[in-house]
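For the sequence shown, position 190 (counting from the first letter as 1) is numbered 243 according to the numbering used here, and the numbering increases by one without interruption.
Even for Gly, the Cβ is constructed at its ideal location relative to N, Cα and C.
Bear in mind that the values here come from a model prediction, so they are computed numbers and not experimental data.
The structure under discussion appears below in the form of structure tokens.
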Amino acid sequence: MARIAVAQFAPLLGDVDANLERVTHIAAEARAGGAGLLVTPELALHGYDLGAISPETAIAATDQRLPELTAGGIDVLLGYHERRGMRLHNSASYLSAGGTVHTQRKLYLPNYLAWEEKKHSSAGQALRAFDTGIGRVGVVICNDAWQPMLPWLLAQDGAEVLFMIADSSADVDADQVDNVRYWGDLLEFHARMCQSWVVFCNRVGVESGATFWGGSRVIDPRGETVAAAALWREELLQVEIDVEYARSERRRLPLLADARLGLLRREISRLIEAGGDL
Numbered sequence: 054m055a056r057i058a059v060a061q062f063a064p065l066l067g068d069v070d071a072n073l074e075r076v077t078h079i080a081a082e083a084r085a086g087g088a089g090l091l092v093t094p095e096l097a098l099h100g101y102d103l104g105a106i107s108p109e110t111a112i113a114a115t116d117q118r119l120p121e122l123t124a125g126g127i128d129v130l131l132g133y134h135e136r137r138g139m140r141l142h143n144s145a146s147y148l149s150a151g152g153t154v155h156t157q158r159k160l161y162l163p164n165y166l167a168w169e170e171k172k173h174s175s176a177g178q179a180l181r182a183f184d185t186g187i188g189r190v191g192v193v194i195c196n197d198a199w200q201p202m203l204p205w206l207l208a209q210d211g212a213e214v215l216f217m218i219a220d221s222s223a224d225v226d227a228d229q230v231d232n233v234r235y236w237g238d239l240l241e242f243h244a245r246m247c248q249s250w251v252v253f254c255n256r257v258g259v260e261s262g263a264t265f266w267g268g269s270r271v272i273d274p275r276g277e278t279v280a281a282a283a284l285w286r287e288e289l290l291q292v293e294i295d296v297e298y299a300r301s302e303r304r305r306l307p308l309l310a311d312a313r314l315g316l317l318r319r320e321i322s323r324l325i326e327a328g329g330d331l
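The following block contains the structure:
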């Protein structure tokens with residue numbers, strides 16, 4: 054069993070130092086509650102409206118302040134705006150034992166309706182599962198969860214736990230889309246189809262006119278919600294998960310093992326050659 058803490062909070066826009074201090078305090082609280090891992094929302098160190106702050110606030114994945122968050126003996130999955138050479142990325146780093154285990158960069162940047170993420174970040178170029186103390190895991194950042202092949206690819210790469218971190222607001226296209234319900238359906242779908250634990254961490258608070266709804270939750274490999282945070286307010290959600298449950302589900306019903314990756318490669322190659330995008 055692994056005990057995970059999910060930090061549903063409202064970052065201060067552009068105040069990296071204050072947000073680092075906040076995450077440090079939350080990590081200490083989570084550790085005191087017995088958690089071995091703290092999960093934070095997308096862009097937890099910066100806030101969502103990157104167009105309202107200086108790009109100089111972006112930090113490198115090698116910034117020594119990041120692994121210091123693990124000094125209390127807890128792993129941390131941290132969302133932030135990353136500076137990487139000449140490019141900026143919407144990233145999340147898995148930090149453990151004073152080091153960085155893996156950094157995932159957001160792959161699909163929405164640039165429609167009220168979103169303008171391509172103005173402020175470059176798209177990531179890789180998706181990988183990786184090993185941690187709780188098992189093999191993968192990270193999906195907000196809009197990437199709306200590309201159904203991405204969580205599935207992580208599961209094919211061995212991920213038994215999918216961390217989905219978000220800055221989802223209730224305001225965008227609200228007359229057409231119930232974001233809370235859509236996200237709930239989406240998370241349950243990924244848990245069932247990927248036969249994985251899904252740990253969803255969404256922020257709260259009001260920022261630049263957007264209201265973020267929270268609703269963080271943990272869903273088991275059969276799509277059942279085992280723990281959920283409230284809507285609209287800050288909360289530290291703690292829950293125990295059994296990674297063996299994902300393994301037993303995959304043995305019981307071999308959906309992932311029956312994938313036929315060679316067939317998929319051939320059909321994807323055909324679509325690309327016929328004019329599909331890269």
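Beta-carbon gap between L308 and M246 smaller than 9 Å: For the purposes of this step, residue 308 is taken as residue 255 along the sequence shown, with counting starting at 1. For the purposes of this step, residue 246 is taken as residue 193 along the sequence shown, with counting starting at 1. In this structure, L308 sits near M246, with a CB-CB distance shorter than 9 Å.
If you draw a straight line from the alpha carbon of S174 to that of E95, how long is it in whole angstroms? Locating residue 174 in the sequence shown gives position 121, counting from the first residue. Locating residue 95 in the sequence shown gives position 42, counting from the first residue. Taking the straight line from one Cα to the other gives about 13 Å.
Can you name the start and end residues of the alpha helix (DSSP H) that Y147 belongs to? By one-based count along the sequence shown, residue 147 stands at place 94. Careful: Y147 lies outside any alpha helix (DSSP H), inside the beta strand (DSSP E) at 140 to 149.
What are the partner residues of V190, as DSSP defines its beta bridges? For this step, residue 190 is matched to residue 137 along the sequence shown. DSSP, once it has assigned bridges, lists F183, V214 as partnering V190.
Backbone CA spacing between D295 and A55 [nearest angstrom]: For the purposes of this step, residue 295 is identified with residue 242 of the sequence shown, where counting begins at 1. For the purposes of this step, residue 55 is identified with residue 2 of the sequence shown, where counting begins at 1. Those two C-alpha atoms are separated by around 6 Å.
For S222: DSSP bridge partner residues: Counting from one through the sequence shown, the residue named residue 222 turns up at place 169. Paired residues: F265.
Quick one: what's R300 bridged to in DSSP? Mapped onto the sequence shown, residue 300 falls at position 247. According to DSSP, R300 bridges with nothing at all.
Using CA atoms only, rank isn't needed, just tell me which of I321, V214, L289, E320 is closest to A80. As a position in the sequence shown, residue 80 is number 27, starting the count at 1. Ranking the options by Cα distance to A80, first place goes to L289.
State the Cα-Cα distance for the pair G138 and Q157, rounded to the nearest angstrom. Counting from one through the sequence shown, the residue named residue 138 turns up at place 85. Counting from one through the sequence shown, the residue named residue 157 turns up at place 104. Going by the C-alpha atoms only, they are around 16 Å apart.
Please look up how many angstroms separate the CB atoms of D287 and Q61, rounded, as I've assumed it's under 8 Å. As a working note, residue 287 is residue 234 in the sequence shown. As a working note, residue 61 is residue 8 in the sequence shown. It is Glu, not Asp, that sits at residue 287 in the sequence shown. E287 to Q61, Cβ: 6 Å. Contact.
Alpha-carbon spacing of D231 relative to A223, whole angstroms: Counting from one through the sequence shown, the residue named residue 231 turns up at place 178. Counting from one through the sequence shown, the residue named residue 223 turns up at place 170. Going from the Cα of D231 to the Cα of A223 covers about 8 Å.
Please return the same chain residues whose Cβ sits closer than 6 Å to the Cβ of G87, not counting the five positions on each side in sequence. By one-based count along the sequence shown, residue 87 stands at place 34. Cβ-Cβ distances below 6 Å link G87 to R56 in the same chain, with the five nearest sequence neighbours on each side left out; the list follows chain order.
Quick check on L166: buried or exposed, where buried means 16 or more other Cβ atoms within 10 Å of its Cβ? In the sequence shown, the residue the question calls residue 166 occupies position 113. L166 should be labelled exposed.
Straight-line CA distance for L141 to G67? Here residue 141 refers to the residue found at position 88 when the sequence shown is read from its first residue. Here residue 67 refers to the residue found at position 14 when the sequence shown is read from its first residue. Rounded to whole angstroms, L141 to G67 spans 15 Å at the Cα level.
Among G152, P120, V69, whose alpha-carbon lies nearest the alpha-carbon of I106? Counting from one through the sequence shown, the residue named residue 106 turns up at place 53. The option with the nearest alpha carbon to I106 is V69.
Taking just the CA atoms, how far does A124 sit from E277? Your numbering for residue 277 matches position 224 in the sequence shown. Your numbering for residue 124 matches position 71 in the sequence shown. C-alpha separation (whole angstroms): 34 Å.
If you run the structure through DSSP and keep just helix, strand and coil, what is E135? As a first step, residue 135 must be located in the sequence shown, where it is residue number 82. Strand at E135.
Assuming contact is defined by CB atoms lying nearer than 9 Å, are T114 and T153 in contact in what I supplied? Here residue 114 refers to the residue found at position 61 when the sequence shown is read from its first residue. Here residue 153 refers to the residue found at position 100 when the sequence shown is read from its first residue. Checking the displayed sequence, the identity of residue 114 turns out to be Ala instead of Thr. Taking 9 Å as the Cβ cut-off, A114 and T153 qualify as a contacting pair.
In DSSP terms, what D130 is bridged to: Residue mapping note: residue 130 aligns to position 77 of the sequence shown, counting from 1. Reading the sequence as shown, one finds Leu at residue 130 and not Asp. In the DSSP secondary-structure assignment, L130 is bridged to V92, Y147.
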